[in-house]
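S.K.: Heads up: the protein sequence lines correspond to chains A, B and C, in order. FYI, in my numbering the residues of the first sequence are 1 to 272. FYI, in my numbering the residues of the second sequence are 1001 to 1272. FYI, in my numbering the residues of the third sequence are 2001 to 2272.
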Amino acid sequence: MKPSGIITLMTDFGLRDPYVAMIKGVILSINPEAKVIDISHQVSAGSIFQGALLIRETYPYFPPGTVHVAVVDPSVGSDRRLIAVEVDNHFFVGPDNGIFWPILQEHDISKVMHLTEDRYFLPVVSYTFHGREVFAPVSAHLTLGVTLESLGSPIEDPVAIAIPVAREKEGVLYGEIIRVDNFGNLITNIHQQEFEEYLSSAPPVIEIGNLTVKKFGFIFVDVEEGEPLALINSSQLLEIAVNLGRASDYLEKESGEIIGTMVRVRKSGNVL
Amino acid sequence: MKPSGIITLMTDFGLRDPYVAMIKGVILSINPEAKVIDISHQVSAGSIFQGALLIRETYPYFPPGTVHVAVVDPSVGSDRRLIAVEVDNHFFVGPDNGIFWPILQEHDISKVMHLTEDRYFLPVVSYTFHGREVFAPVSAHLTLGVTLESLGSPIEDPVAIAIPVAREKEGVLYGEIIRVDNFGNLITNIHQQEFEEYLSSAPPVIEIGNLTVKKFGFIFVDVEEGEPLALINSSQLLEIAVNLGRASDYLEKESGEIIGTMVRVRKSGNVL
Amino acid sequence: MKPSGIITLMTDFGLRDPYVAMIKGVILSINPEAKVIDISHQVSAGSIFQGALLIRETYPYFPPGTVHVAVVDPSVGSDRRLIAVEVDNHFFVGPDNGIFWPILQEHDISKVMHLTEDRYFLPVVSYTFHGREVFAPVSAHLTLGVTLESLGSPIEDPVAIAIPVAREKEGVLYGEIIRVDNFGNLITNIHQQEFEEYLSSAPPVIEIGNLTVKKFGFIFVDVEEGEPLALINSSQLLEIAVNLGRASDYLEKESGEIIGTMVRVRKSGNVL
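The structure is reproduced here in C-alpha cells:
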C-alpha cells in the first residue's frame, strides 16, 4: 500500500502537556514532509473503549495509505505488545489492547505485526512513553515506505474487547449510549438498519432513564426549542438531541456516568 | 483570485469529538497539499454572533486567496442555504445564516454563491453534518482552482444579522461587551476612533455594571497588580483588563451572562 | 544554522480566542511553506516559570534548525526587551523575561539578539500583541534564512529566573512539584541522577504533604489499582503517579496550589 504521507494522532494526553508536541517533533525529525493531523487528544484517560470507537468512526474519512496512531495505553510499559496493523487500506499503530479491535472485526483481511524491530524505534525507550519512542518513529517510517513486514513478526491473536451491540428482547430493542458529544447529543450504538428493521415503519418511543422521546425527526429544528428528538445521525446511528439545548442535561446523571446508559426503543402503542 | 492553498476552520464542535478531524480528512482526500489551520473550535454552541465577530477579526491576517470555512450552524439540514463568498480577496464557505455578514457589510464588492452544484459535495449528504459533506469538499475544490461561479448560482440577499454598534446619547457613549478572552479581558464594540472622537482628549470614566474604571493606559503594567484599566487593544477596540488579574471576575456575573453587558463611557467631570 | 522550516508555538492564549490563528496567519503570509506546530497554548496565564520548563523539556525532540516561539508575556508592551536566541542548534523567539533561561543556563555557547530591526516586524506594532506583530514575522523570516545577526544587536545579560533545584539537607533530599499533568501525575524537579546518588540503592520513602509513597516502580501497573507509586518518568524526573487514578487528588490541595509543593525523599529506615 502506498503511504499518503498523512499521520493522524489520537491520545488521552490532553493539550496542556508537552506530550503531543514531542510525538510530532519525533515524526518530523524522521520525515519532515509528513502531515500530522490531530483526531482528538481528549479521549477520557485510559478509556480504550472510547478510543476504539472514535478511531473506528473517523479513519474512513482519510485517504488510503494514512497512518493512524492511537495512544490510549493505561498499561504502558507492561508486557502488552506494541502493534502495527494494515487493514482496509489504512495503517494503524498503537498498543495491542483492543483499541483497533472494532476495525479488525469488520474486515476479513488484515495484517497485524508485533513491533519488534527496534531499529525503527528511538535509540532510548523509556518505560512510560512508548507513544514518543516507538509509535511516533514507526509511523514516520511507514510514511517513508518502510513495509509493515519489516517492522516485526505477524501475530494472529490481537487482543479483542467487548463492543456492546444492540439486541431485541421480548419486543423491545435495547442499546446503550456510547458517546456524549460537545453539544450534549447522546449517540447510541443502535444502527440505522437495526432501528428501521425493528420498527418496520411503526413510530418509535425511545426511553433513556427518566427521559422519554416520542418525536423522531431528521434535523434539530424539526422540534421546538428545548424539545428532545431522536434522529439518525451522520454516522448512521440513533442519536437523541435537543433543539438548541443539551440532551445530556435531561438525564439527571453526572456527565461521567452517562456512557453505558441503557436505551430502550419500543414501537408506539406497544404495551411494556 | 489565485488560491493560497490555505483553508482555515472555525466551528463550535469542540476538540473532543471526531467532527473536526473528519472535515480535515475530507479536505486532504481531495487536495493532499492543502494546509488546514484551526481558527477556533470553541465558539459557544450555536452562537452565530460570536462566530461572525471571530472570523471578521481573524481573516485579514491570512494571505489573499485563503478559504475560510465557518461552521456554526444550529439550523443544519433546514432550508437555510449553503453559500460560498468572495470578498476582500478571501473566500468564505458556510451556512447562509449571517456568519459572514459583518465582512460583507464592510465591503462594497462581493460575490455570494448559493452552493447547488453537488458534484463538488461528498456523494452522500446527511441531514446533520454539512460541514463534512459540503463545506469541506467545496473548500478543497476552491484551493484546487475551481471558480466560485462554478459552485452554484449567485444570490443578492444573503442573511444579515444585527451587529450592535456604539452610540452616543445625552452625552454618554454606550457600547457593549462582545467577547471575554482567555485572560478575562473584556472586549467591547467601541472602536478607537469612536472613543477618541467622543472624548476629544478629556479623560474617560468607564462603567460596566458595578465596575468603574478611571485609569486609561496602553499596557497592562501601567497600573498596579490587581487594578483595572481601560486600553485600546490590538484590534483597535476599547478593552477592560486587570494587571495580572481577570477583569471578568470583577463583574459579579456568571461567565455566560457577560456578553452583551452595557458599557458606558463618560468624560471625567461629567455629571450623570 | 540551516532552518528546518518548522516553527513551534507555545503561549498562554488558550484555544478559544483568535490570537493563535492570527500568529499562524502572519507566519504563512511571510513563508507559505512554514510548518507550524503547537506545543501548548494552555500555559497558566502569565506563568513564565511553567512556560520556561515546558519549552526546555520539549524542544530537543524537534529537528535542528527549528524556530521555537514562546509567548508568555504578562509585561507585554513595557520596556522589557524582545529577543531571538540561537543555542543548541535551535532558534528561540520571545520576550526577554527568563522564559529561555533554563535552556541558556545549560549551554556554554549561545547567541542572544535584542530584536531592533523593525523591517522584520509587521508594519504596525500594537502595545499588547507582540506575538503577532514581532515574534510571528521574525520567526517566519528565520525559516527563510534571515540570520540571527541581522535581527538586532547582541546582548550579554538576558534576564534570568530562579529555577528551584533539589538539594540534600540533614540526610533528606528536598525537591518540589513542578508540573501536574493531564493524568494527575506529579512531576518533581528531582532528576534521576540526584535521586540515585542520594539513595545509593537504599529503598526510598517519598513524602508530599500528607501523602507518603513507599512503592517505587517502573510502570503504572507495578502497583494495584488506586495505589500510589514513585517512578522515574520519560524525562528522567522523579514522578508520583497512581495506577488508574490521579495522584493530584491525594494531596488535599486545590489544583492551583500544587505547583511548588515540597517533596521529601528519605532512605527507608531513616529516622527523621
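Glycine included, C-beta positions come from ideal geometry on N, C-alpha and C.
1. If you reduce the DSSP assignment to three classes, tell me which class residue 2220 of chain C lands in.
2. Kindly list, in the order they appear in chain B, the residues whose Cβ is closer than 7 Å to that of residue 249 of chain A.
3. Just tell me which of B:1255, B:1159 and B:1224 has its CA closest to the CA of residue 1085 of chain B.
4. Of the choices B:1228, B:1002 and B:1236, whose alpha-carbon is the least far from that of residue 1192 of chain B?
5. Would you kindly work out how many angstroms separate the C-alpha atoms of residue 2168 of chain C and residue 1060 of chain B, rounded to a whole number?
6. With a threshold of 7 Å between beta-carbons, can residue 1061 of chain B be considered close to chain C, or not?
7. Shorter than 7 Å from the beta carbon of residue 198 of chain A to some beta carbon of chain C?
8. In the DSSP output, which residue or residues are listed as bridge partners for residue 1035 of chain B?
9. From the DSSP secondary-structure annotation, give me the bridge partner or partners of residue 2052 of chain C.
10. Around the Cβ of residue 162 of chain A, are there at least 16 other Cβ atoms within 10 angstroms (buried) or fewer (exposed)?
11. In angstroms, rounded to a whole number, what distance separates the CA positions of residue 2077 of chain C and residue 2025 of chain C?
12. Roughly how many angstroms separate the alpha carbons of residue 2205 of chain C and residue 2179 of chain C, rounded to a whole number?
13. Using 8 Å for Cβ pairs, my map puts residue 69 of chain A next to residue 7 of chain A. What's the rounded Cβ distance?
14. Please decide whether residue 106 of chain A counts as near chain B, where near means a Cβ-Cβ distance under 7 Å.
15. Under a Cβ-count criterion, where at least 16 other Cβ atoms within 10 Å of its own Cβ denotes burial, should residue 2188 of chain C be classed as buried or exposed?
16. Going along the chain, which residues of its own chain have a beta-carbon closer than 6 Å to the beta-carbon of residue 1011 of chain B, five neighbours each way excluded?
17. Tell me whether residue 1115 of chain B is buried or exposed, calling it buried when 16 or more other Cβ atoms sit within 10 Å of its Cβ.
18. Would you identify the three-state DSSP class for residue 134 of chain A, choosing helix, strand or coil?
19. Nearest CA to the CA of residue 1240 of chain B: which residue from B:1255, B:1185 and B:1259?
20. What does a CB cutoff of less than 8 Å around residue 258 of chain A pick up in its chain, not counting 5 residues either side in sequence?
21. Are residue 2216 of chain C and residue 2230 of chain C close, meaning C-beta to C-beta below 7 Å?
22. Distance cutoff 7 Å, beta carbons only. Does residue 1137 of chain B sit that close to anything in chain A?
23. Along the segment 2140-2151 of chain C, where does the CB come closer than 8 Å to a CB of chain B? Name the residues.
24. Between the alpha carbons of residue 214 of chain A and residue 207 of chain A, how many angstroms are there, rounded?
25. Note down, in chain order, every chain A residue with its Cβ under 8 Å from the Cβ of residue 2234 of chain C.
26. For residue 1199 of chain B, which residues in the same chain have their Cβ closer than 7 Å to its Cβ, ignoring the five residues on either side in sequence?
27. My assumption, with CB atoms under 8 Å, is that residue 91 of chain A sits in contact with residue 142 of chain A. Please give the rounded CB distance.
28. Name the residue from C:2232, C:2166 and C:2018 whose alpha carbon lies nearest to the alpha carbon of residue 127 of chain A.
29. Which residues in chain C sit within 7 Å of residue 75 of chain A, going by Cβ to Cβ distance?
30. DSSP on residue 1191 of chain B, reduced to helix/strand/coil?
31. Hey, out of C:2018, C:2148 and C:2097, whose CA is closest to residue 2050 of chain C's CA?
32. Leaving out five residues before and five after residue 1155 of chain B in sequence, what residues of the same chain have Cβ atoms less than 6 Å from its Cβ?
33. Distance cutoff 7 Å, beta carbons only. Does residue 181 of chain A sit that close to anything in chain B?
34. Any idea if residue 2263 of chain C is buried or exposed, counting beta-carbon neighbours within 10 angstroms, 16 or more meaning buried?
35. With distances taken from CA atoms, which of C:2094, C:2164 and C:2058 is nearest residue 17 of chain A?
36. In angstroms with no decimal places, state the Cα-to-Cα distance between residue 1129 of chain B and residue 1224 of chain B.
M.R.: Reading it off the structure:
1. helix
2. Going along chain B, no residue has its Cβ under 7 Å from residue 249 of chain A, so there is no contact; the nearest lies around 12 Å.
3. B:1159
4. B:1236
5. 56 Å
6. yes
7. no
8. B:1006
9. None, per the DSSP bridge assignment.
10. exposed
11. 22 Å
12. 20 Å
13. 6 Å
14. no
15. buried
16. 1041 and 1071
17. buried
18. helix
19. B:1185
20. 177, 180, 186, 248 and 251
21. yes
22. no
23. none
24. 9 Å
25. 126, 127, 128, 129, 132 and 133
26. 1267
27. 5 Å
28. C:2232
29. 2221
30. strand
31. C:2097
32. 1112 and 1114
33. yes
34. buried
35. C:2058
36. 49 Å
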